[in-house]
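Undergrad: First residue of the sequence shown? That's 2 in this note's numbering, and the numbers climb one at a time after it.
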Amino acid sequence: MIGLAAAGRDDKLLTFIGAFAIGLLLTILVSFFLPAASPVIHFFGSSPPYVPTTGTGYYPVLTELRSQRIMHVASHELFGLLTFPSFHAVSAVLFAWAGWSLRYLRWPVLAVNAGMLVVTPLEGSHYFVDLIAGCLVALAAIVLVETCARQARQRRSQALLPVPTAAMAGLEPYRALAE
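1. Three-state secondary structure (DSSP) at Arg156?
2. Could you give the distance in angstroms between the alpha-carbon of Pro36 and the alpha-carbon of Cys136?
3. When you compare the CB positions of Phe96 and Asp131, do they come within less than 9 Å of one another, or not?
4. Less than 9 Å between the beta carbons of His127 and Ala153, yes or no?
5. What's the gap between the Cα of Phe129 and the Cα of Ser92?
6. Just to confirm, are Arg10 and Leu111 a CB contact at a threshold of 9 Å?
7. Provide the residue span of the alpha helix (DSSP H) that contains Met117, from first to last.
8. List the endpoints of the continuous alpha helix (DSSP H) containing Thr16.
9. Using only the alpha-carbon positions, how far apart do Leu140 and Val94 sit?
10. Would you mind working out which of Pro109, Ser87, Val146 and Glu147 sits nearest Val120, comparing C-alpha positions?
11. Is the distance from the Cβ of Thr28 to the Cβ of Val146 below 9 Å?
12. Using a threshold of 9 Å, state whether the C-beta atoms of Phe34 and Ala99 are closer than that.
13. Tell me which same chain residues have a C-beta within less than 6 Å of the C-beta of Ser39, skipping the five on either side of it?
14. Leaving out the 5 sequence neighbours to the left and right, which residues in its chain are closer than 7 Å to Gly24 when beta-carbon positions are compared?
15. Would you mind reading off the limits of the alpha helix (DSSP H) that contains His127?
16. According to DSSP, simplified to helix, strand and coil, what is Phe85?
17. Who are the near neighbours of Leu5 in its chain, counting only those whose CB is closer than 6 Å to its CB and skipping five residues on each side?
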């Protein structure tokens, strides 16, 4: 984001922010209907021998949400609940897409985000299908935001067209009446 702002690429920065927001909303929407436990919880339970940096504290909250009981979640209990699709994957694709437009940052940004994708199954505690779904969500967000941006540019360029003359507006036959 800093690179885009420093390069004066406000257009790309705005589309990135829009795609990021859309990606997050789509991820939350999908995960609402498909709440999933991570592979660490699935294979090792709530006290695994290896605990990734994401921890396992979210599992009791997820279990309560799945039971559809009304519950109170305190702010200190707000853990990452998004497993499917992976928002790590969404972020990696979106950052790589935005960074690709800056020639001097293209490869470093791609390398860092490829690294994030590689470690996400272990440290982010995701299945590979979570990563695939996250990449698809990111692509959908990019297509959506690019389509909206293209339509906005077209509307803006049409608004800047000169006002049509009487002949172009089909008013030529009425000119004789006015004279």
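Using N, Cα and C, we set each Cβ at its ideal position, and we do this for glycine too.
TA: Reading off the structure:
1. Arg156 falls in the helix class under three-state DSSP.
2. 18 Å
3. No; because the gap between Cβ atoms is not below 9 Å, this pair is not in contact.
4. no
5. 16 Å
6. no
7. Taken as a continuous stretch (DSSP letters only), the alpha helix (DSSP H) holding Met117 covers Arg107 to Glu124.
8. Asp11 to Phe34
9. 8 Å
10. For the options Pro109, Ser87, Val146 and Glu147, the alpha carbon positioned closest to that of Val120 is the one of Ser87.
11. no
12. no
13. Closer than 6 Å at Cβ, skipping near neighbours: Thr84 and Ser126.
14. Val91, Leu95, Val138, Ala139 and Ala142
15. His127 -> no alpha helix (DSSP H), and no H or E assigned at all.
16. The three-state secondary structure of Phe85, taken from DSSP, is coil.
17. Excluding positions up to five away in sequence, the list reads Lys13 and Leu14.
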